[in-house]
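Protein chains in written order, with this note's numbering: chain A, 1 to 339; chain D, 1 to 339.
Glycine is no exception: its CB is placed at the ideal position from the N, C-alpha and C atoms.
The next block holds one structure in the form of structure tokens; read it before the comments.
2 protein chains.
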Amino acid sequence: MTAAATTRRDVRARLATARSLLEPPLRHAVRRLATPVRTVAEYHFGWCDAAGDPTDAGWGKGLRGGLTLAAADAVGGSAASAVPAAVAVELVHNFTLLHDDVMDHDQVRRGRPTAGAVFGDAQAILAGDALLALGLDTVRAQPAATAELCRALLDLVGGQSADVAFESRTTVGLDACLTMAAGKTAALIAAACALGALSADADADRVDGLRGYGHHLGMAFQLTDDLLGIWGDPAVTGKPVGADLRRRKKSLPVVYALTSGTAAGAELASLYAIPGASTDTQVRRATQLVEQSGGRDWARREADRHRLDALACLAAARPGRDGAAVLAGFADLATTRDH
Amino acid sequence: MTAAATTRRDVRARLATARSLLEPPLRHAVRRLATPVRTVAEYHFGWCDAAGDPTDAGWGKGLRGGLTLAAADAVGGSAASAVPAAVAVELVHNFTLLHDDVMDHDQVRRGRPTAGAVFGDAQAILAGDALLALGLDTVRAQPAATAELCRALLDLVGGQSADVAFESRTTVGLDACLTMAAGKTAALIAAACALGALSADADADRVDGLRGYGHHLGMAFQLTDDLLGIWGDPAVTGKPVGADLRRRKKSLPVVYALTSGTAAGAELASLYAIPGASTDTQVRRATQLVEQSGGRDWARREADRHRLDALACLAAARPGRDGAAVLAGFADLATTRDH
Chain A
1 MTAAATTRRD VRARLATARS LLEPPLRHAV RRLATPVRTV AEYHFGWCDA
51 AGDPTDAGWG KGLRGGLTLA AADAVGGSAA SAVPAAVAVE LVHNFTLLHD
101 DVMDHDQVRR GRPTAGAVFG DAQAILAGDA LLALGLDTVR AQPAATAELC
151 RALLDLVGGQ SADVAFESRT TVGLDACLTM AAGKTAALIA AACALGALSA
201 DADADRVDGL RGYGHHLGMA FQLTDDLLGI WGDPAVTGKP VGADLRRRKK
251 SLPVVYALTS GTAAGAELAS LYAIPGASTD TQVRRATQLV EQSGGRDWAR
301 READRHRLDA LACLAAARPG RDGAAVLAGF ADLATTRDH
Chain D
1 MTAAATTRRD VRARLATARS LLEPPLRHAV RRLATPVRTV AEYHFGWCDA
51 AGDPTDAGWG KGLRGGLTLA AADAVGGSAA SAVPAAVAVE LVHNFTLLHD
101 DVMDHDQVRR GRPTAGAVFG DAQAILAGDA LLALGLDTVR AQPAATAELC
151 RALLDLVGGQ SADVAFESRT TVGLDACLTM AAGKTAALIA AACALGALSA
201 DADADRVDGL RGYGHHLGMA FQLTDDLLGI WGDPAVTGKP VGADLRRRKK
251 SLPVVYALTS GTAAGAELAS LYAIPGASTD TQVRRATQLV EQSGGRDWAR
301 READRHRLDA LACLAAARPG RDGAAVLAGF ADLATTRDH
């Protein structure tokens with residue numbers, strides 16, 4: 001087995017441990033809700049079916065909560081004291097998923113109909129609102145943690161709002177798109193890491209270092225996600241070939257191509273401007289054009305640059321040896337994952 | 001001028017003062033948001049038009065924030081120390097309005113197109129999310145205030161979720177409907193009053209007393225609202241005659257009628273079951289039937305009972321003489337208002 005494969009296996013094992021540690025308090029938090037919104041939230045987490053009967057469909061990878069626990073561990077904190085922050089981060093992350101699905105009219109999440117598809121948009125919006133409130137309530141004892149999470153929320157909502165606005169614009173600048181991704185994806189991952197450090201009462205420079213690590217990890221994660229949205233193997237990602245191009249998404253490699261000033265970029269712009277559903281031929285051509293304009297190489301380089309920046313920030317947080325290895329493993333996974 | 005009219009004038013003056021005190025910090029909080037979601041929030045508050053140009057359309061009565069200030073004053077607190085809590089309450093209230101309008105597909109709010117109608121549902125959902133985060137961030141320095149506001153939020157969302165579920169049910173019990181109203185309307189008003197007391201570092205029994213006052217005030221407010229939704233003067237309320245019956249809303253007097261076991265209640269149930277838009281004749285008949293089944297008298301009696309219960313809770317909070325008069329005035333206004 002290669003070193004990278006070992007790291008990946010270790011990080012996945014770490015995430016599995018985090019998931020089993022976080023699930024009981026997550027369930028406990030959601031049980032504070034009254035029905036029917038409680039059923040909607042429990043359905044979203046995969047803990048019950050549409051009729052409210054118990055199931056175990058799985059509530060995701062637990063990446064963000066896992067990062068909170070790993071960040072706490074890296075600066076000498078205990079998992080026990082980091083659990084509330086990690087639970088808060090997962091509650092907030094799931095709030096964003098519930099609202100995202102409503103806003104995007106998505107019908108499937110984690111292989112099941114979305115909460116909105118089952119219970120209606122109104123109940124899905126309310127379940128998201130409830131998880132947001134629960135998340136902030138979970139860290140209320142530490143005002144600095146509330147401030148960290150609220151700041152991330154404002155960045156996150158700002159990024160989502162820009163993303164929605166981009167959909168109806170024909171031109172989007174690369175810088176604006178990067179700022180959007182920093183808000184939409186990196187802000188909560190940055191906060192997840194900072195919250196881990198805060199739960200360990202770490203010094204401000206260590207908190208800052210871990211926040212920076214999380215920011216760059218989040219950017220690397222998003223760039224890799226965008227690459228998989230174009231070149232991901234449908235057998236592994238579970239999405240159709242060129243999924244993002246088919247939906248004419250203005251993902252980062254696409255915006256790079258569109259703003260590259262190349263002939264390929266101009267041709268991609270005309271392809272994106274054709275009304276109606278994309279044909280397979282168009283999707284194949286768009287894929288070539290993003291590559292020809294340099295969008296694929298740029299995104300790979302940027303993802304790797306952010307991975308290295310993440311490691312530099314991590315070093316500034318003076319992590320313990322084991323913690324450093326685990327967080328470096330997370331950074332590696334973010335850029336080498338295949339789904 | 002009658003004593004009631006004097007009280008009403010005093011309370012309205014108090015609210016106008018509260019509004020002018022709260023507007024600058026509210027604007028300041030919203031300015032933390034990035035565009036475009038900031039523009040959506042500012043539009044909702046009436047501070048700009050759809051193009052983002054400044055206007056002054058007014059952001060509502062400021063009832064909840066005004067209650068926070070009045071509650072603080074009643075237990076010897078200063079307005080200055082109560083302002084953050086009052087701002088938080090107004091931010092949270094406006095979060096609920098933004099999401100309510102999306103969920104109800106409402107097109108008009110405060111005489112203008114809703115934020116959703118102008119900017120789309122996604123931006124309106126995000127603006128609501130942002131105001132919720134800002135609201136909780138505003139009180140983060142006082143964990144007890146965060147707990148109070150989060151508890152109210154969970155009750156509120158629970159009430160809204162029940163309300164949405166009621167729409168697709170043919171029978172709704174009166175108790176379930178009262179619990180729904182306690183969540184949807186009374187929870188935030190109760191928290192508004194408790195937060196005022198908390199900002200004044202009042203003893204737990206005074207906080208409890210003011211929370212109870214707010215709960216009963218909220219219930220009286222909702223019952224009066226439901227009466228106005230049927231018998232309100234269109235010239236004063238700005239809504240069509242029998243607005244709630246036209247939309248076949250299961251408001252409290254209606255649910256009383258439907259569950260009254262009277263012939264009038266049974267006839268109302270059949271009227272509500274007719275598919276398609278209501279005719280004027282049907283609305284007139286439904287109005288008579290709610291009255292004949294005792295729904296109007298019951299709602300009036302209940303509103304007055306809650307007003308008296310509010311005053312009893314208020315007394316338990318041992319308010320100063322001026323503060324007691326003002327809060328009694330609020331309770332009076334809640335049950336005697338005409339719009």
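At a cut-off of 9 angstroms, the C-beta of Gly183(D) has a neighbouring C-beta in chain A. Cys150(A) and Leu136(D) have their C-alpha atoms spaced approximately 8 angstroms apart. Ser199(D) and Thr68(D) have their alpha carbons spaced roughly 9 angstroms apart. The beta carbon of Ile230(D) lies closer than 7 angstroms to those of Gly242, Asp244, Leu245, Pro253, Thr287 and Val290 in the same chain, with the five residues before and after it left out.
The region 70 to 78 of chain D makes no contact with the region 98 to 117 of chain D; the number of CB pairs closer than 8 angstroms stays below 3.
Taking a C-beta distance under 9 angstroms as the contact criterion, Ala315(D) and His216(D) do not qualify as a contact pair.
With fewer than 16 other Cβ atoms inside 10 Å of its own Cβ, Pro275(D) counts as exposed. In terms of Cβ geometry, Leu63(A) and Leu15(A) form a close pair [threshold 9 angstroms]. Burial check for Ala141(D): the Cβ neighbour count within 10 Å stays below 16, so the residue is exposed.
Burial of Asp225(D) is indicated by the presence of at least 16 other C-beta atoms within 10 angstroms of its C-beta.
Pairing Gly238(A) with Thr279(A), the inter-Cα distance amounts to about 19 angstroms.
Residues Ala74 of the same chain have their beta carbon placed closer than 6 angstroms to that of Pro319(A), with the five preceding and five following residues left out of the count.
Ala124(A) and Gly116(A) have their alpha carbons spaced roughly 5 angstroms apart. Of all residues in the region 251 to 264 of chain A, none is placed with a Cβ closer than 9 angstroms to any Cβ belonging to chain D. Chain-order list of chain D residues neighbouring His99(A): Ile125 and Asp129, by C-beta distance under 7 angstroms. As the crow flies, the alpha-carbon of Gly329(D) is around 33 angstroms from that of Arg248(D). In the structure shown, Val118(D) falls within a helical segment according to DSSP collapsed to helix, strand and coil. Look at Gln222(A): its C-beta is not under 9 angstroms from any C-beta on chain D.
With respect to Leu195(A), Ala34(A) sits apart: the two C-beta atoms are not nearer than 9 angstroms.
Runs of the alpha helix (DSSP H) lying entirely within the region 176 to 228 of chain A and spanning at least 4 residues, in chain order: 187 to 199.
Taking a cut-off of 8 angstroms on C-beta distances, the region 23 to 31 of chain D does not touch the region 102 to 112 of chain D, as fewer than three cross pairs fall below it. Bounds of any alpha helix (DSSP H) do not take in Gln107(A), whose DSSP letter is neither H nor E. Chain D places no beta carbon closer than 9 angstroms to that of Gln107(A), leaving this residue out of the contacts. Within the region 297 to 310 of chain D, not one residue has a Cβ closer than 9 angstroms to any Cβ of chain A. In the DSSP assignment, Thr237(D) falls within the unbroken alpha helix (DSSP H) covering Pro234 to Thr237.
Around the beta-carbon of Thr114(D), 16 or more other beta-carbon atoms lie within 10 Å, marking it buried.
Separation of Ala162(A) and Arg337(D) (C-alpha to C-alpha, rounded to the nearest whole angstrom) is 42 angstroms. Counting the other CB atoms within 10 Å of its CB gives Ala273(A) a total below 16, which places it among the exposed residues.
Rounded to whole angstroms, the Cβ separation of Gly218(A) and Ala197(A) is 16 angstroms, and the two are not in contact under 8 angstroms. Here the alpha carbon of Ala312(D) sits roughly 11 angstroms from the alpha carbon of Ala324(D).
By the neighbour-count definition (other C-beta atoms within 10 Å, threshold 16), Ala165(A) is a buried residue. Secondary structure note for Val241(A): it is in no alpha helix (DSSP H), with a DSSP letter that is neither H nor E.
In the three-state scheme derived from DSSP, where H, G and I count as helix and E and B as strand, Pro25(A) is classed as helix. Under DSSP, Cys48(A) takes part in a beta bridge, and its partners are Pro54(A). CA-to-CA, the gap between Val37(A) and Leu154(D) works out to about 10 angstroms. DSSP places Pro36(D) outside both helix and strand once states are collapsed to three, so it counts as coil.
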